[in-house]
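Novice: Residue numbering for the sequence shown follows the working numbering, starting at 2 and increasing by one per position.
Even for Gly, the Cβ is constructed at its ideal location relative to N, Cα and C.
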Amino acid sequence: MFITCIACSLFSCKGTATKEEQPTIVKTVKAIETPKETTRSYTFISKPYRVTELSFRVSGPVNTFDVQNGQFFRKGELIASIDDRDYIIRQKRTATTLAQAESEYRRISALYKRDNISAASYEKAQADYEKAKTDYDDATNALNDTKIYAPFDGYVQQTHIEKYSDVKASMPVVTFIDLSKVKVEAYITESMATSFQNKEHKGIDVGEFLLLNISNIRK
Numbered sequence: 002m003f004i005t006c007i008a009c010s011l012f013s014c015k016g017t018a019t020k021e022e023q024p025t026i027v028k029t030v031k032a033i034e035t036p037k038e039t040t041r042s043y044t045f046i047s048k049p050y051r052v053t054e055l056s057f058r059v060s061g062p063v064n065t066f067d068v069q070n071g072q073f074f075r076k077g078e079l080i081a082s083i084d085d086r087d088y089i090i091r092q093k094r095t096a097t098t099l100a101q102a103e104s105e106y107r108r109i110s111a112l113y114k115r116d117n118i119s120a121a122s123y124e125k126a127q128a129d130y131e132k133a134k135t136d137y138d139d140a141t142n143a144l145n146d147t148k149i150y151a152p153f154d155g156y157v158q159q160t161h162i163e164k165y166s167d168v169k170a171s172m173p174v175v176t177f178i179d180l181s182k183v184k185v186e187a188y189i190t191e192s193m194a195t196s197f198q199n200k201e202h203k204g205i206d207v208g209e210f211l212l213l214n215i216s217n218i219r220k
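1. Grab the span of the beta strand (DSSP E) containing Asn-64 for me, first residue to last.
2. Classify Gln-92: buried if its beta carbon has 16 or more other beta carbons within 10 angstroms, exposed otherwise.
3. When the Cα atoms are used, what is the spatial distance from Ile-189 to Lys-182?
4. Given a cut-off of 8 Å on the beta-carbon distance, is the pair Phe-177 and Leu-55 in contact?
5. Please list the terminal residues of the continuous alpha helix (DSSP H) segment that includes Ile-90.
6. Can you tell me where the beta strand (DSSP E) with Gln-127 in it begins and where it stops?
7. Please check the pair Asp-84 and Asn-64, which I expect to be a contact at CB under 8 Å, by giving their CB distance rounded to whole angstroms.
8. Can you grab the Cα-Cα spacing for the pair Ala-126 / Lys-134, in whole Å?
9. Quick test of your reading: Val-59 and Asp-146, contact by CB under 8 Å. State the CB separation rounded to the nearest angstrom.
10. Counting along the chain, where does the beta strand (DSSP E) carrying Tyr-150 start and finish?
11. Going by beta-carbon coordinates alone, are Glu-103 and Tyr-130 separated by less than 8 Å?
12. Rounding to the nearest angstrom, what Cα-Cα distance links Glu-191 and Val-175 in this structure?
13. Where Thr-98 and Lys-76 are concerned, what is the direct C-alpha to C-alpha distance, given to the nearest angstrom?
14. So Val-185 and Ser-47 are supposed to be a Cβ contact under 8 Å. How far apart are they, rounded?
15. Leaving aside the five residues before and after Tyr-106 along the sequence, list all residues of the same chain whose C-beta is less than 8 Å from its C-beta, in chain order.
16. Secondary structure at Ser-47, three-state DSSP: helix, strand or coil?
17. Tell me, to the nearest whole angstrom, how far the beta carbon of Phe-73 is from that of Tyr-156; I am working on the premise that it is less than 8 Å.
18. What residues match up with Glu-186 in a beta bridge as DSSP calls it?
19. With C-beta atoms as the reference, is Ala-140 less than 8 Å away from Phe-57?
20. Are there 16 or more other CB atoms within 10 angstroms of the CB of Thr-95, so buried, or fewer, so exposed?
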């Protein structure tokens, strides 16, 4: 460090005034070598924590689909639905058949216990009841499958259909993603991978509000 001092002399028109010299005070600072920080940059790919394609399990014309790419949905909110009138009719019809089959099965069972009817008649009534119960359960499930709800808090990454379009079962409707966490994939050196594998708690602190947890290391 260099310090430059300037001395000033005072003159008058009558003569020269002599001023007592004052000692110059110089502060010294010791230079300390700071450690060099090594910064490394790595190319990475970020991915949503979860990605799923939502679709109907039944077919029909879509009557509810007011969705845009990037739209957020809470878990359990309705995303899309298809016209359920035919499915409601089917459920009601199977419910009626089930009620009749159950009543007949109870009547036959009572007679069978008193040995007033053959085993073949009892087995037929039992089979009819079980079939009616299965048909009703299938109709109820089909009715419930006319609606798609958000499986978790997330965003619509991409829509695959339009409102009023006729969709088939298992046809993709939207791609739904979870951004509550983000997966990051990066290529690192083998020595760095080894050091992470030897740590009990695998994580990288990349800032005050961000901590990357290492879930997988592979070649």
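Specialist: So, from the listed chains and residues:
1. What you label residue 64 is simply residue 63 of the sequence shown in a count that begins at 1. Counting along the chain, the beta strand (DSSP E) containing Asn-64 begins and ends at 61–65.
2. Working through the sequence shown from its first residue, we reach residue 92 at position 91. Its Cβ being crowded by 16 or more others within 10 Å, Gln-92 is buried.
3. The residue labelled residue 189 in the question sits at position 188 within the sequence shown. The residue labelled residue 182 in the question sits at position 181 within the sequence shown. Roughly 21 Å between the two C-alpha positions.
4. Numbered from its first residue, the sequence shown carries residue 177 at position 176. Numbered from its first residue, the sequence shown carries residue 55 at position 54. Yes.
5. Translated into positions along the sequence shown, residue 90 becomes position 89. Counting along the chain, the alpha helix (DSSP H) containing Ile-90 begins and ends at 86–114.
6. Reading the sequence shown from its first residue, position 126 is the one you call residue 127. Unbroken run through Gln-127 is the alpha helix (DSSP H), 120–145; no beta strand (DSSP E).
7. The residue labelled residue 84 in the question sits at position 83 within the sequence shown. The residue labelled residue 64 in the question sits at position 63 within the sequence shown. So it is a contact: roughly 5 Å between Cβ atoms.
8. Numbered from its first residue, the sequence shown carries residue 126 at position 125. Numbered from its first residue, the sequence shown carries residue 134 at position 133. Rounded to whole angstroms, Ala-126 to Lys-134 spans 12 Å at the Cα level.
9. As a position in the sequence shown, residue 59 is number 58, starting the count at 1. As a position in the sequence shown, residue 146 is number 145, starting the count at 1. The Cβ separation is near 5 Å, so the contact holds.
10. Walking along the sequence shown from the start, residue 150 turns up at place 149. Per DSSP, Tyr-150 belongs to the beta strand (DSSP E) from 148–150.
11. Position 102 of the sequence shown, counting from 1, holds the residue named residue 103. Position 129 of the sequence shown, counting from 1, holds the residue named residue 130. Cβ distance < 8 Å, so Glu-103 and Tyr-130 count as in contact.
12. One-based indexing of the sequence shown puts residue 191 at position 190. One-based indexing of the sequence shown puts residue 175 at position 174. The alpha-carbon atoms of Glu-191 and Val-175 are separated by roughly 39 Å.
13. In the sequence shown, the residue the question calls residue 98 occupies position 97. In the sequence shown, the residue the question calls residue 76 occupies position 75. In a straight line, the C-alpha of Thr-98 is about 36 Å away from that of Lys-76.
14. Locating residue 185 in the sequence shown gives position 184, counting from the first residue. Locating residue 47 in the sequence shown gives position 46, counting from the first residue. Confirmed, Cβ separation roughly 5 Å.
15. Your numbering for residue 106 matches position 105 in the sequence shown. Excluding residues within five positions, the ones whose Cβ falls inside 8 Å are Ala-126, Gln-127, Asp-129, Tyr-130.
16. Your numbering for residue 47 matches position 46 in the sequence shown. DSSP places Ser-47 in strand when its eight states are reduced to three.
17. Position 72 of the sequence shown holds residue 73. Position 155 of the sequence shown holds residue 156. Their Cβ separation, rounded to whole angstroms, is 5 Å, which keeps Phe-73 and Tyr-156 in contact under 8 Å.
18. Within the sequence shown, numbered from 1, the residue matching residue 186 stands at position 185. According to DSSP, which records beta bridges pairwise, Glu-186 is partnered with Ile-46.
19. Translated into positions along the sequence shown, residue 140 becomes position 139. Translated into positions along the sequence shown, residue 57 becomes position 56. Contact: no.
20. The count along the sequence shown starts at 1 and reaches residue 95 at position 94. Thr-95 should be labelled buried.
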